[in-house]
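Structure, as structure tokens:
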Amino acid sequence: MVQFTGWVDPVPSGGASKTASTIESYQITVNEVPPSNGSLKVDYTKNTYTRKVPSSDVHEMELNLTSNSPRLYCVTLEIKDIADNVRQSRRFMLFDNTSFIETWKDNPYKFDSASPETNFTWQTHHNDICLNWKNYFINMFYLQNELLNEIESEPHGHITGVYEQTTGLLPVGGTPNVHGIIQYFVSWKLNNGAFTEEQLVPNFLNQRFCTNLNVADGQTYTFNIRPVDIVDNTFNESTTVYIDRSPPHINNIWLKKDGYEMLYVHNSTDLSKMQMTFDALDSHSGLKNIKWEFGIADTSTTLTSGYLSVVQIKNVSFILSFLWLFVYYTYTDLKECFTLKGTCFSINIKRNQYKQPI
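Now the structure itself:
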């Protein structure tokens with residue numbers, strides 16, 4: 001529906017009222033504005049719709065426009081008085097009942113404040129939480145058909161000032177957008193709590209949002225982003241980040257012989273008969289792997305080293321060969337299991353060491 005009210009044929013300055021010839025007719029003309037990678041141009045060579053009505057109480061027209069895909073139209077109103085003076089004005093209209101928002105999985109939807117080594121899942125500091133969704137949410141039609149760019153002026157210069165569409169959703173200066181999206185809303189929740197009230201993402205073209213939530217170790221934050229496109233389509237997707245900046249703990253390190261715990265040996269024979277035990281734990285994110293080294297303390301020499309995956313250590317043993325000694329390690333006594341966001345990791349490990357006979 002196109003409405004055009006408030007038009008008058010003004011009395012010339014200093015003239016009598018009879019010198020105004022009054023409005024004779026209104027004419028509506030609709031032209032398509034095809035997509036372009038640059039500035040858009042109205043196709044004035046072909047009219048999609050046109051209708052002329054005499055001046056009367058009719059100040060609106062219903063446009064019956066249909067299309068199988070989105071179209072941008074220029075609606076030009078021409079007002080003519082009896083003296084054949086003409087004024088033109090134009091507005092732009094977007095017809096779209098088929099497009100939708102989707103996600104582009106090749107692009108990021110991640111907390112870029114989190115650690116890359118954890119696939120951006122764990123944040124290992126207490127600074128701002130920052131979520132990045134660069135080119136993740138898209139309206140594919142507007143990605144492939146740029147209909148929101150700047151629109152060129154009317155070629156004859158007849159439509160300027162208030163008669164041109166310089167404000168609103170589809171101004172001639174173009175509509176800032178990200179593949180058809182013109183707004184993002186963000187909300188979040190802590191652990192299993194309720195989501196906060198949505199707030200508009202500032203500087204939405206950056207496709208990034210940061211906030212300081214005074215985070216603490218052990219907390220879980222879930223953020224939801226809701227994009228809104230030019231025709232009010234919407235979409236929702238959430239993602240989660242976990243907070244843990246504290247390192248794991250290792251304590252209760254002992255050499256054990258005949259049931260006694262000590263930290264000294266008399267000779268290599270004693271060492272070969274002892275067990276080395278320790279506790280390793282991380283109460284927030286759990287243990288993922290353990291790096292071990294075997295060496296000489298006096299010279300700070302590392303003789304051999306390696307990594308063990310905590311997930312894989314249950315009932316696993318292996319033999320290390322160094323010079324003329326065989327050192328046998330076995331990991332046993334998985335006392336506790338810490339659930340690391342769906343994965344069970346040990347948080348208390350006992351390590352035994354003794355010499356195998358040659």
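First residue of the sequence shown: 1, per the working numbering; consecutive thereafter. Just so it is clear, CB atoms sit at the ideal spot from N, CA and C, and this is done for glycine as well.
Burial of residue 79 is indicated by the presence of at least 16 other C-beta atoms within 10 angstroms of its C-beta.
Contact annotation: residue 77 and residue 89 have beta-carbon atoms nearer than 8 Å.
The C-alpha of residue 188 lies about 19 Å from the C-alpha of residue 125.
The stretch 108 to 115 and the stretch 53 to 71 do not touch, with fewer than 3 CB-CB distances between them shorter than 8 Å. With a 10 Å radius around the Cβ and a threshold of 16 neighbouring Cβ atoms, residue 195 comes out exposed. Taking C-beta atoms as the reference points, residue 132 and residue 183 fail to come closer than 8 Å. Under the DSSP assignment, residue 140 falls in the alpha helix (DSSP H) whose first and last residues are 140 to 144. A residue is called buried when at least 16 other Cβ atoms come within 10 angstroms of its Cβ; residue 148 meets this threshold and is buried. The C-beta of residue 193 has fewer than 16 other C-beta atoms within 10 Å across all chains shown, which makes the residue exposed. Taking residue 156 as reference, the option from 120, 21, 44 with the minimal CA-CA separation is 44. Between residue 209 and residue 186, the C-beta spacing is below 8 Å. The beta-carbon separation of residue 220 and residue 240, rounded to 6 Å, stays under the 8 Å limit for a contact.
With a contact defined as Cβ atoms closer than 8 Å, residue 22 and residue 59 miss out at about 15 Å. Counted as a single uninterrupted DSSP element, the beta strand (DSSP E) harbouring residue 186 occupies residues 181 to 190. By the C-beta density criterion, residue 83 is exposed, having fewer than 16 other C-beta atoms within 10 angstroms. 226 is the residue among 171, 203, 226, 212 whose C-alpha sits nearest the C-alpha of residue 197.
DSSP places residue 100 in the coil class of the three-state scheme, outside both helix and strand. The stretch 136 to 144 makes no contact with the stretch 155 to 171: fewer than 3 CB pairs, one atom from each, lie closer than 8 Å. The Cβ atoms of residue 152 and residue 40 sit closer than 8 Å to each other. When only Cα atoms are considered, residue 295 and residue 305 end up about 9 Å apart. A distance below 8 Å separates the beta carbons of residue 99 and residue 231. For residue 26 and residue 35, the gap between their C-alpha atoms comes out near 29 Å. In the assembly as shown, residue 33 is a buried residue. Its beta-carbon has 16 or more other beta-carbons within 10 Å.
In the three-state reduction of the DSSP assignment, residue 49 falls in the strand class.
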